[in-house]
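This report refers to the structure that appears directly beneath it.
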Amino acid sequence: MLEIKNLHATVGGKGILKGLNLTIGAGEVHAIMGPNGSGKSTLSYVLSGREGYDVTEGEVIYQGRNLLEMAPEERAGAGVFLAFQYPVEIPGVPNTTFLREAVNAVRKYRNEPTLDPMAFMKVLRGKIKELGVSDDLIKRPVNVGFSGGEKKRNEILQMALLNPALAILDETDSGLDIDALKTVADGVNTLRAPDRSVLIITHYQRLLDYIVPDHVHVLAHGRIARSGGKELAQELEKTGYAGFTGEAA
Amino acid sequence: MSESTATADILDRFGPGAAMAGTPALPWLERLRAGARQRVAATGLPTPKLESWKYTNLRPLEKLIFGPQAQERISIDRLPSLLPQGQSAQRLVFVNGLFRPDLSTRTALPDGVRAGSLAEALAEGNGGELSDLLGQIAGSGEGQAMLDLNTAMMTDGFLLHIGAGVRLELPIEVIYLGAAPREPQAFHPRSLIVMEENSRAIVVEHHDGIGDGAYFANHGCEVRVGKGAELRHYKVQAEAEDAIHLANLHVEVHAKGVYDNFILTRGARLSRNEVSVRLTAPGAECHLNGVYMLRGDQHCDNTTTIEHLAPETASREVFKGVLDERARGVFQGKIVVHPKAQRSDGHQLSKALLLSDSAEIDAKPELEIYADDVKCSHGATAGDMDREALFYLRARGIPEETARHMLIEAFLSDTINSLAAEGLCPALMSSVGHWLSDAATGGEL
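In order, the protein sequences belong to chains A and B. Numbering-wise (this note's numbering), the first sequence opens with residue 1 and increments by one. Numbering-wise (this note's numbering), the second sequence opens with residue 1001 and increments by one.
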């Protein structure tokens, strides 16, 4: 599904990722954990194509394609989805309009017929019910005036609608109460399938109680410092990142 | 205009003699014209030396050599309309400032309503009534050279008179077409709207061009909103690319009257909307809103003055502009609260979205407050497109171009959607859509 080889990336000239290697197979759920400043969010932005993040070395192969050469919208079309740590507020754009535009744009990439507003509303209503998202969220402008939990629920709603092959969750658990956390986890667990993969980026082990990963990696100083199974997350919960925060050799 | 130019020449440049087509020689009208003629001859046309014209230079006007009226050469195969057929109470069409009954749709109107051509009304002998209105609402103060030029040269325009208590549900549609098939053309349409007590009406003006010749449309319009009356006055300016569009609008609002104005600008190389509203009695209210979308070397100036002359008067003003390439926008908004106008309320906002490094906005809000118990505010912002929002949309698969359009529409939509005559909002939003799709097909972007 995804193969990251020797990835080096800079932000504003400052090296953040320094030779990151990671392979995610189809159907797998990986978690990347790490202390603040280890490069977790940089990785998610490099993978989604945000400007200002320069890859200086290495490559990322997604389903056999060079991901780094694709525009953000092409990546989305090809099935890469990033659940934002800080979802953006867009006044003046109704959430429903945004969701419909996104769904139809992605359907076009996948050579599927676009949905007319009526057909789209039917799909949307179904997903809202499934995820237990409040009706109100789709009527308001995108993320405007949403609480932290509502914003994250909206991310999961988008993920469910766009049906990605690779979902990247960037600190989606931060600041969530237990109900919102469960919504997020349910959304991801529903998505789990042999042909889909998930990359969870998180500081805390909490979310991993609900979405059980196949592999856990520790990111420190811009590269994977240690990899293991789900028990690694529990270990980190006890020991913290103390062993990883010192200057790398 | 060079200062050595003989004053008479200033007026002669703008086309053949001033007589309003087919109107009888009315002494009061002759006096009105002569006075205006004298004033404009004495001052000349405005230059950036004047404070109120600091950001707008009429030099492009000097370069045009206007030819004689070319009405017969203009062929019209379609009418650009904002309203679907049958959705207007009346459609009045003017070509180069002259009323064209052959293109207009004049259905029966309720008693007490008159909608038609000003020249026609003068010819029919309504002169006496009009003499108390024409030129009187605007007054003959200084610094109104373009209105004076209009008064001196006016040919025709629309006249709307809504009798006391009459409420028109469907809009009155006015279409002004400009065309210069050979030589440049100049015309000076003059309009008058009188709303008697407790009447209500919607007026939609559409200004458009045929072909790509250069013409100069110099509009003058006077509006009286009587006691308890409500006028929604909306305008879409989509003139030809080489056109110059200047409009002077003078409005007086009486007790508890409401004047709701909206101007959408997307045409003409150079345009200026000069709006002056006087809130003359308690409870009078006005809303001046506008959006402008400019690219290339377009220049649009919205200059407004709102005078609160009586207690408990209210004004709301929001202008939003989207500027691309080398376009320049000007917003000058003045609110004057006179000593008697206690408990008045005036709010003003100018926002600009700059899509290119060469685009420019000059915003000058001005509050003059002479009363002590008032609520007034103003603000001006300018910025470029929200990169975070753009990335967010693209990260969901929405192509960059579409995402940009969504954000521009979102920026303008709240101003358009706040209009009281909400039935018109979709048509106005589609005008925004036109502008956006022009960018997609145009060569410059």
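Glycine included, each C-beta is placed from N, C-alpha and C at the ideal position. Computed from a predicted structure; not experimentally measured.
Check                                                                                                                                                       : Outcome
Are there 16 or more other CB atoms within 10 angstroms of the CB of B/Tyr-1370, so buried, or fewer, so exposed?                                           : exposed
Mind pulling the chain A residues with CB within less than 8 Å of B/Asp-1414?                                                                               : Pro-91, Gly-92
In chain B, what lies closer than 7 Å to A/Gly-77 by C-beta?                                                                                                : Gly-1397
Provide the residue(s) that pair with B/Arg-1278 in DSSP beta bridges, ordered along the chain.                                                             : B/Glu-1252, B/Glu-1307
What's the call for B/Pro-1027, buried or exposed, on a 16-neighbour Cβ count within 10 Å?                                                                  : exposed
I need the DSSP call for B/Ala-1006, collapsed to helix, strand or coil.                                                                                    : Residue placement at B/Ala-1006 is flagged as unreliable, the pLDDT there being 46, under the threshold of 50; the coordinate-derived value follows with that caveat. DSSP places B/Ala-1006 in coil when its eight states are reduced to three.
Nearest-angstrom Cα distance between A/Ala-119 and B/Val-1113?                                                                                              : 47 Å
Output the distance between the C-alpha atoms of B/Asn-1261 and B/Tyr-1234, rounded to the nearest integer angstrom.                                        : 6 Å
List the residues of chain A that B/Glu-1422 touches, going by C-beta distances under 9 Å, in chain order.                                                  : Those within 9 Å of B/Glu-1422 in chain A number zero; the least Cβ separation is about 16 Å.
If we ignore side chains and look at the alpha-carbon of each, how far apart do B/Met-1385 and B/Leu-1353 end up?                                           : 7 Å
Output the distance between the C-alpha atoms of B/Ala-1021 and B/Leu-1118, rounded to the nearest integer angstrom.                                        : At B/Ala-1021 the pLDDT is 49, less than 50, meaning the model places this residue with poor confidence; the figure from the coordinates comes in the next sentence. If I take the Cα positions, the gap works out to 10 Å.
List the residues of chain B that A/Glu-101 touches, going by C-beta distances under 9 Å, in chain order.                                                   : Leu-1393, Arg-1396, Gly-1397, Ile-1398, Thr-1402, Ala-1403, Met-1406
Using 10 angstroms around the beta-carbon of B/Pro-1110, count the other beta-carbons present and answer buried if the total reaches 16, otherwise exposed. : exposed
Give the DSSP-derived three-state secondary structure of A/Ile-200 in the structure shown.                                                                  : strand
Return the Cβ separation of B/Leu-1168 and B/Arg-1200 in integer angstroms, given the expectation that the two are a contact with Cβ distance under 8 Å.    : 7 Å
If you compare alpha carbons, which of B/Arg-1106, B/Ala-1152, B/Leu-1355 is closest to B/Leu-1029?                                                         : B/Ala-1152
Counting along the chain, where does the alpha helix (DSSP H) carrying A/Pro-94 start and finish?                                                           : Unbroken run through A/Pro-94 is the beta strand (DSSP E), 90–94; no alpha helix (DSSP H).
Classify A/Val-106 as helix, strand or coil using the three-state DSSP reduction.                                                                           : helix
For B/Glu-1360, which three-state DSSP category applies?                                                                                                    : strand
Buried or exposed: where does A/Asn-143 fall if 16 or more other Cβ atoms within 10 Å of its Cβ makes it buried?                                            : buried
Would you say B/Phe-1411 reaches chain A, if we count a Cβ-Cβ gap shorter than 8 Å as a contact?                                                            : yes
What's the gap between the Cα of B/Gly-1116 and the Cα of B/Ala-1164?                                                                                       : 18 Å
Classify B/Leu-1050 as buried or exposed, calling it buried when 16 or more other Cβ atoms lie within 10 Å of its own Cβ.                                   : exposed
Return yes when the Cβ of B/Gly-1213 is within less than 8 Å of the Cβ of B/Pro-1184, no when it is not.                                                    : yes
Tell me where the alpha helix (DSSP H) around A/Phe-120 begins and ends.                                                                                    : 117–131
In the DSSP assignment, find the unbroken beta strand (DSSP E) run with B/His-1405 in it and report its ends.                                               : Careful: B/His-1405 lies outside any beta strand (DSSP E), inside the alpha helix (DSSP H) at 1400–1417.
Would you check if there are 3 or more beta carbon pairs closer than 8 Å linking the region 196–210 of chain A to the region 24–32 of chain A?              : yes
Which chain A residues sit within Cβ distance under 7 Å of B/Ala-1389?                                                                                      : Val-88, Ile-90
Residue ranges of each alpha helix (DSSP H) run of no fewer than 4 residues wholly in the region 20–100 of chain A, ordered along the chain?                : 40–48, 72–77
Using a Cβ-Cβ cutoff of 7 Å, what residues of the region 104–121 of chain A are near chain B? List them in chain order.                                     : Ala-105, Val-106, Tyr-109
Using a cut-off of 8 Å between C-beta atoms, extract the partners of A/Gln-158 located in chain B.                                                          : Arg-1396
If the cut-off is 8 Å on Cβ atoms, which residues from the region 30–48 of chain A count as contacting chain B, listed in chain order?                      : Ser-48
Can you name the residues of chain B whose CB is closer than 8 Å to the CB of A/Leu-82?                                                                     : Ala-1395
For a contact meaning CB atoms closer than 8 Å, what does A/Pro-72 contact in chain B?                                                                      : Phe-1391, Arg-1394, Ala-1395
Using a Cβ-Cβ cut-off of 8 Å, state whether A/Arg-50 counts as contacting chain B.                                                                          : yes
Please name the residue in B/Arg-1328, B/Asp-1077, B/Gly-1125 whose C-alpha comes closest to that of B/Ile-1210.                                            : B/Asp-1077
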